[in-house]
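Residue numbers (UniProt numbering): 1 to 403.
Think of the CB as a built atom: it goes at the ideal place given N, C-alpha and C, for glycine as much as any other residue.
Owing to the predicted nature of the structure, the values given are computational and were not obtained by experimental measurement.
Worksheet for the structure shown next.
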């Protein structure tokens, strides 16, 4: 009996354990199935706009007058009159009196020269009369031809020379008298005045300095490799000058007048000279004054490209750029780089209007790989897994595909 119990009890315990396990297993719920995760890389794009582009070449320079003149006294004397406009910064018109040197000595010299001229004319007329008398008397004496000496022709020529010398002295006296008035040779601004009322000046003494206000010039350095973007190397090109006037940014229109035709030994730059008409706006008043000595930046307008666009330089490598094609796949296209403009590149060929440039980075880009846009994701999925979506979008430079 005892032996049977020893056999039956373990069997009962084993069967009970199996039944309990089966009961618990039937109560367990099956694990929920997770939805499949789309691992397609998400990229950011920017559409391309291709069209006509007018290229510009940047430069800079200092505004200077085209004409400047140092006034020099041509006669001696004391300054007896000064114009109120003859001060530093004053504007004067062509022919305007700036200063007057005491003219009394030169007026007296002119009177003396005119008197000598009158005396010479009188002597000439007397000699002519004497010549006619000598000719008449010679004919009364003989029928032979008279000599020049008998007709007093040498004396007549001498008196004629005296008249011409007297006329020259009158012209010289008039010229010296005119030079006592120092006048502006053209419309100008006074840069400097070196005389005062009552001061004495001698021939060759500096009186002042004028800056012509009709035309201003700006020498614009241009690198040799930038001349190719200008029509006829910049000849007669339009220029926009940008600078500050009264604390505000201003612009002025100019035009290239000439190319200096040499390369600077120090900077290795070519220089184009732009001209601005009426820089101080004295006649028109259409623009703000462009002051001499001002520093300005310049945009020189050059050639026009028919189909061109600009892209950030970091998106182009080995003359290739990544785009997202119509099948949402990565494609590399070869582009023609016309020029580099700072952090941008001007593309002349290779892209068409509407192309989608990939501006986000891919860890392992391969030409033809499938890509997705953020807008292609279902809204509910992007809301449920915001952290997952963020981690898949990478922002950096486009790497070259490893083939």
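From which residue to which residue does the beta strand (DSSP E) around residue i run?
i           : result
residue 305 : 295–312
residue 54  : 51–65
residue 273 : 270–277
residue 98  : 97–101
residue 47  : 45–47
residue 354 : Premise fails: residue 354 is in no beta strand (DSSP E) and is neither H nor E.
residue 249 : 248–263
residue 68  : 68–72
residue 77  : 77–82
What residue range does the alpha helix (DSSP H) around residue i cover?
i           : result
residue 347 : First-last for residue 347: 344–349, but that is the beta strand (DSSP E), not the alpha helix (DSSP H).
residue 106 : 104–141
residue 155 : 153–178
Whole angstroms is fine: what's the gap from residue i's alpha carbon to residue j's?
i           : j           : result
residue 49  : residue 305 : 14 Å
residue 100 : residue 176 : 12 Å
residue 169 : residue 113 : 6 Å
residue 236 : residue 280 : 22 Å
residue 91  : residue 212 : 10 Å
residue 68  : residue 185 : 10 Å
residue 349 : residue 307 : 7 Å
residue 314 : residue 215 : 44 Å
residue 96  : residue 183 : 5 Å
residue 278 : residue 75  : 33 Å
residue 52  : residue 354 : 15 Å
residue 298 : residue 41  : 45 Å
residue 7   : residue 24  : 27 Å
residue 286 : residue 115 : 56 Å
residue 105 : residue 202 : 14 Å
residue 84  : residue 110 : 29 Å
residue 333 : residue 241 : 38 Å
residue 381 : residue 374 : Residue confidence for residue 381 is low, a pLDDT of 47 falling below 50, so the modelled location carries little weight; the figure read from the coordinates is stated next. Spanning the two alpha carbons is a distance of roughly 11 Å.
residue 256 : residue 63  : 14 Å
residue 217 : residue 94  : 20 Å
residue 400 : residue 357 : For residue 400, the pLDDT reaches just 38, beneath the cut-off of 50, and the residue's location in the model is therefore unreliable, although a value from the coordinates is still provided. So the two alpha carbons sit approximately 14 Å from each other.
residue 14  : residue 22  : 12 Å
residue 250 : residue 61  : 15 Å
residue 139 : residue 173 : 45 Å
residue 326 : residue 347 : 21 Å
residue 312 : residue 344 : 4 Å
residue 254 : residue 47  : 36 Å
residue 296 : residue 59  : 9 Å
residue 324 : residue 371 : 8 Å
residue 319 : residue 234 : 29 Å
residue 262 : residue 194 : 36 Å
residue 18  : residue 12  : 10 Å
residue 245 : residue 289 : 8 Å
residue 310 : residue 337 : 10 Å
residue 341 : residue 365 : 27 Å
residue 362 : residue 352 : 23 Å
residue 9   : residue 39  : 58 Å
residue 258 : residue 219 : 10 Å
Pop quiz: residue i and residue j are said to be a contact at Cβ under 8 Å. What is the actual Cβ separation, rounded to whole angstroms?
i           : j           : result
residue 239 : residue 300 : 5 Å
residue 283 : residue 44  : Wrong, their Cβ atoms sit about 55 Å apart, outside the cutoff.
residue 199 : residue 73  : Going by Cβ atoms, the distance from residue 199 to residue 73 rounds to 10 Å, so no, they are not a contact pair.
residue 367 : residue 331 : 6 Å
residue 71  : residue 209 : 7 Å
residue 302 : residue 57  : 6 Å
residue 260 : residue 273 : 7 Å
residue 89  : residue 189 : 7 Å
Are there any heavy atoms of the ligand SAH lying less than 7 Å away from the beta-carbon of residue i, as far as the coordinates show?
i           : result
residue 277 : As far as ligands go, the structure on display features none, and thus does not contain the ligand SAH.
Residue ranges of each beta strand (DSSP E) within the region 312–337, 3 or longer: Listed in chain order, the complete beta strand (DSSP E) runs (minimum 3 residues) inside the region 312–337 are 320–324 and 330–334.
Within the region 184–242, note down every full beta strand (DSSP E) run reaching 3 residues or more, in order along the chain. Every beta strand (DSSP E) stretch that sits fully inside the region 184–242 and reaches 3 residues is listed by chain position as 188–193, 206–212 and 215–222.
Inter-stretch contact at 8 Å, needing at least 3 Cβ pairs: the region 131–140 / the region 76–94: As far as the Cβ criterion goes, the region 131–140 does not touch the region 76–94, which means the pair count is below three.
Under 8 Å, with one C-beta from each stretch per pair, do the region 117–131 and the region 150–169 reach the 3-pair mark? Flag = yes, the region 117–131 and the region 150–169 touch.
Three CB pairs or more closer than 8 Å across the region 221–234 and the region 263–272: The region 221–234, when compared against the region 263–272, does touch it at the 8 Å Cβ threshold.
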